[in-house]
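Position one of the sequence shown corresponds to residue 833 (this note's numbering), numbered consecutively onward.
What follows is a single structure, written as structure tokens, with notes after it.
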Amino acid sequence: MRNISSDRYGNETLFVKRHQTEQKSSRSYGMLNIVLLIYGIGNSHDVSTIYKTLYKFHALFMHLMPVYITSRYILLCFYSPIELELVFGCIVSCVFPFALHYSLISKRHDLKWLLKHYCRLDFFQRKTSKSCKTMKINVAIATILIVPMVLSIVSTLSMMPDKAYSRSYTYFIDIRDVTLEMSLRFVAVHMICAYLYTFPCIIAVMCAVIYHEFSQFLDRFHESLQRHCSSLSRNKILQHMKMHTALFKLAHHVQDTLSTPCFFLLCTQLTVMFYTIAVFVLRNYQTIPVALICRALMILLMTPASVIAVVLYATRINAFCKKIETEIKLLNDKLIVQGYCDGDTLCYLNSMNEKQFPVMSACGVTELKPNITLRMFGSLFSYSLLILNLKN
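The structure is reproduced here in structure tokens:
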């Protein structure tokens, strides 16, 4: 890591770049940068009118979709025999994306500050690694957009127009024009998929990227700690103590900023999976409709992957924090064993030892560790068995 021995480190200027970073940082997130600019949390100082207009349409979309989905299922109760459990489950599942949207709005200024602060921190990555990161983000976003689109098209084309479930997309209005009715159904299916599946997965990518970048800071700090502090030089340990303090503050800011969005993201994905299992278990299908297969396939491909990605990158932060803590304790022990009685150096190490990095969590309800995915899928399996037992 370059410039690690410089005396110009402050609590808020960790790994500062000397060239113009803010002009390039808005491009480093690839297609995700469009979502950030729509929410007004991108790195651009002046958000163009088109993004402000897109945000208004997006906000309108996020408000109308819960109303549409809820009213559609209520009407479906009157026109077709459907289990009330499924209606209730669908209504609950459509509330959480709306809550996720507002959690982002409430944390908009914090997210903007966080991304700007990231721009001032130097990863000292090569251009190839940065372009590789951008390519990975673009591939993830493109997959999230394309998979629901393709499966929604197949789902719409496979629907029987005279079935109550198909007619519910147009509120059971008698539309004489078959082409118009199919077009409206086509738009409705895509809007529902975008609201319930695409939007949460894109936010999952955003959370995973933020967690990943912070874990990179911790990784480089740990490497620097091993490389430069083994000599127990007072000046170098003082510089690393200042960097440690800056990372400690940033870790708390990351936790406070992403805690609420991650909580509603987990709730969204969990309820969607619960609802999908309930549909298969509660309803006796002699032949499973193609539309239902498409939706289940969409959920199985996207929902678990989004949860696992967020949890794994949050786990990287926790793992590197443990490594840093262990390295500091080893340096402290080395200082004592060598009998190197430098009170200032010992004070610096003790100051770092006393700081405990926060564990990344979802509103403090659950910590973002690998066991949460095991508990989640275990609860889904138990829920399926419970429904089967109640049904029998």
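Beta carbons are placed, not taken as given, at the ideal position from N, Cα and C, and that holds for glycine.
Source: prediction; values computed, not measured.
In its chain, beyond the 5 residues on either side, 923 have a beta carbon closer than 6 Å to the beta carbon of residue 902. For residue 1132, the uninterrupted alpha helix (DSSP H) run begins and ends at 1122-1169, by DSSP. In chain order, 928 place their CB closer than 7 Å to the CB of residue 1099, counting only its own chain and leaving out the 5 sequence neighbours on each side. Unbroken beta strand (DSSP E) runs of no fewer than 3 residues, entirely contained in the segment 1023-1063, are not found.
For residue 1175, the enclosing alpha helix (DSSP H) has its first and last residue at 1175-1186.
In the three-state reduction of the DSSP assignment, residue 917 falls in the helix class, which pools H, G and I. Around the Cβ of residue 916, a 10 Å sphere holds fewer than 16 other Cβ atoms; the residue is exposed. Taking a cut-off of 8 Å for Cβ pairs, the segment 962-982 and the segment 1029-1047 touch, as three or more such pairs fall below it. For residue 1051, the CB contacts under 6 Å within the same chain, skipping 5 residues up- and downstream, are 1152 in chain order.
Sixteen is the threshold: since fewer than 16 other Cβ atoms of the shown chains lie within 10 Å of the Cβ of residue 1188, the residue is exposed. In the assembly as shown, residue 895 is an exposed residue. Its beta-carbon has fewer than 16 other beta-carbons within 10 Å. Closest option to residue 1048, judged by alpha-carbon separation, among 1160, 965, 1193 and 944: 965.
Residue state for residue 1092 is assigned as helix, using DSSP reduced to three classes. For residue 1114, the closest alpha carbon among the candidates 982, 937, 1096 and 918 is that of 918.
Following the DSSP letters along the chain, one finds residue 894 inside the alpha helix (DSSP H) bounded by residues 881-911. Linking residue 863 to residue 1037 through their CA atoms gives a straight-line distance of about 11 Å. Within the model, the alpha-carbon separation for residue 873 versus residue 980 is close to 26 Å. Under the three-state reduction of DSSP output, residue 1198 falls in the strand class.
Under the 8 Å Cβ criterion, the segment 1012-1022 does not count as touching the segment 1137-1151, having fewer than three qualifying pairs.
Restricting attention to alpha helix (DSSP H) runs no shorter than 4 residues, the segment 935-998 encloses them at 940-951 and 959-990, ordered along the chain. A direct Cα-to-Cα measurement between residue 1057 and residue 983 gives close to 49 Å.
Rounded to whole angstroms, the gap between the alpha carbons of residue 939 and residue 1159 is 34 Å. By the Cβ rule, the segment 1107-1126 does not count as touching the segment 934-952, because fewer than three pairs are nearer than 8 Å.
Under the three-pair Cβ rule at 8 Å, the segment 1097-1111 does not count as touching the segment 1064-1076.
With fewer than 16 other CB atoms across the displayed protein chains lying within 10 angstroms of its CB, residue 1168 is exposed. Residue 868 and residue 1141 have their C-alpha atoms roughly 19 Å apart.
For residue 865, the enclosing alpha helix (DSSP H) has its first and last residue at 864-870. Between the C-alpha atoms of residue 1176 and residue 967 there is a straight-line separation of about 46 Å. Assigned with DSSP and collapsed to three states, residue 925 falls in helix. For residue 1065, the secondary structure class from DSSP, reduced to helix, strand or coil, is coil. At a Cβ-Cβ threshold of 8 Å, residue 1000 and residue 1021 do not count as neighbours.
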